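Numbering (UniProt numbering), first residue to last: 1 to 370.
Presented below is the structure to which this report refers.
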């Protein structure tokens with residue numbers, strides 16, 4: 001039976017397919033070559049804490065029962081870390097799940113969202129799925145956050161301002177001064193959604209207390225974070241948000257699946273949160289490799305955006321999809337970016353030193369063959 005096109009909402013029919021990373025098994029089935037380095041999804045090459053794996057295995061014994069729908073244990077632990085009350089924290093099936101929840105909670109057809117370009121795709125697509133319009137403000141050539149452009153877009157009216165820092169996919173982080181300027185210029189009826197999925201990777205000199213600045217701003221806001229990246233739990237799908245008040249969280253809970261985080265995932269996240277040593281080792285590896293790989297790319301004449309994350313956004317000098325496809329022939333996965341005008345850029349995760357060397361060697365061969 002053919003699905004009748006009139007059943008599909010036009011907002012959904014017009015959306016692009018999400019550009020997800022390629023699973024290892026699917027890659028090998030498609031290309032028939034060994035996967036040597038999976039560097040397309042910003043995963044932690046060290047994986048999760050052993051304590052998180054042990055906690056997940058233990059929790060699996062109780063799979064016959066529904067989990068705590070409120071995620072009380074994890075929300076309480078996060079509240080203790082963040083110095084906030086648990087009723088201001090919401091859990092989701094990854095922080096990307098919460099982007100959709102936020103939009104379903106606050107957006108009406110015809111509303112407007114302001115974000116960056118390039119940006120995480122769901123910042124745009126999930127808003128369009130709700131019938132909202134989206135204005136994307138491009139980064140300038142020096143990769144400083146385009147605060148003036150964002151403020152100009154906000155002046156035209158916006159229900160939501162959403163952006164990530166450190167930026168996905170580009171990597172730069174906003175400065176405290178620019179953050180303060182942006183908050184001060186945001187209209188009072190605009191919700192600020194600050195996506196901090198990569199906050200753990202910030203160098204010490206790039207850090208500032210963004211939550212404290214938001215807290216004192218008087219604005220409506222929510223900050224999004226995740227266990228998928230620095231904590232190595234990408235497969236578990238656990239994200240969380242901390243909001244300006246409990247009322248927003250209570251409203252979002254009505255727009256979210258009641259059991260958004262399963263019992264195994266919550267147990268793993270709770271254990272990962274308590275293993276600071278494993279977290280520190282993963283962060284140190286990502287930072288050192290980020291510096292080393294960016295230096296090698298610069299020596300090859302490859303331009304990169306300045307990064308405060310576990311990845312680099314680099315200019316292929318040609319179509320990114322072409323470069324990514326040639327790298328796949330070498331068994332190397334990177335993510336080609338398809339968002340205009342950044343179609344020549346690709347994003348490569350910082351894996352182990354060995355994985356990164358495989359990427360650099362394959363990229364060097366590709367460039368020399370042109």
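Just so you know, even glycine gets a beta-carbon here, dropped at the ideal spot from N, CA and C.
Small disclaimer: the values here were computed from a predicted structure and weren't measured.
Here residue 58 is not near residue 246, since their CB atoms are 9 Å or more apart. Straight-line spacing of the CA atoms in residue 36 and residue 335 works out to 15 Å. Here residue 12 is exposed, its C-beta having fewer than 16 other C-beta atoms within 10 Å. By the Cβ rule, the segment 231–238 counts as touching the segment 38–45, because three or more pairs are nearer than 8 Å. For residue 138, the pairing in a beta bridge is given by DSSP as 117. Pairing residue 116 with residue 136, the inter-Cα distance amounts to about 5 Å.
When secondary structure is reduced to three states using DSSP, residue 193 falls in the strand class. Between residue 279 and residue 230, the beta carbon gap of about 6 Å places them in contact (Cβ cut-off 8 Å). Pairwise C-beta distances place the segment 49–57 out of contact with the segment 343–359, as fewer than three of them are shorter than 8 Å.
Close CB contacts of residue 168 within its chain, under the 6 Å cut and outside five residues either way in sequence, are with 120 (chain order). Per DSSP, the beta bridge partners of residue 345 are 315. Sequence-distant Cβ neighbours of residue 315 in its own chain, meaning closer than 6 Å and more than five residues away, are 303, 344, 345. Taking 4 residues as the shortest admissible run, the segment 275–308 contains the following complete alpha helix (DSSP H) segments, listed from N- to C-terminal end: 276–299. Taking the CA atoms as reference points, residue 110 sits about 16 Å from residue 14. Take the alpha-carbon of residue 199 and the one of residue 225: they are about 8 Å apart. Per the coordinates, the alpha-carbon of residue 107 lies some 27 Å from the alpha-carbon of residue 170. In this structure, the beta-carbon distance from residue 202 to residue 308 falls below 9 Å. In the assembly as shown, residue 259 is an exposed residue. Its beta-carbon has fewer than 16 other beta-carbons within 10 Å.
The beta strand (DSSP E) runs lying completely inside the segment 231–264 and spanning 3 residues or more are 239–243, given in chain order. About 5 Å separates the Cβ atoms of residue 173 and residue 165, confirming a contact at the 8 Å cut-off. Across the structure, residue 339 and residue 359 are spaced so that their CA atoms are roughly 23 Å apart.
Secondary structure at residue 163: strand, using DSSP grouped into helix, strand and coil.
Residue 219 and residue 193 have their alpha carbons spaced roughly 11 Å apart. When DSSP reads this structure, residue 336 sits in a beta bridge with 346. Remark: C-beta atoms of residue 265 and residue 65 do not approach each other more closely than 9 Å. When rounded, the separation of the alpha-carbon atoms in residue 88 and residue 249 is 6 Å.
Distance from the CA atom of residue 326 to the CA atom of residue 114, rounded to whole angstroms, is 35 Å. Boundaries of the alpha helix (DSSP H) around residue 76: 72–82. Assignment of residue 89 by DSSP, reduced to helix, strand and coil, places it in the strand class. For residue 225, the enclosing beta strand (DSSP E) covers residues 221–226. Straight through space, the alpha carbons of residue 306 and residue 366 are spaced by roughly 23 Å. In the displayed model, residue 123 falls within a helix according to three-state DSSP. The beta carbons of residue 154 and residue 105 sit about 20 Å from each other, so the pair does not count as a contact at 8 Å.
By alpha-carbon distance to residue 252, the top candidate from 63, 312, 92, 331 is 92. The C-beta distance from residue 38 to residue 333 rounds to 5 Å, short enough to fall under 8 Å.
Secondary-structure assignment with DSSP links residue 38 through a beta bridge to 333.
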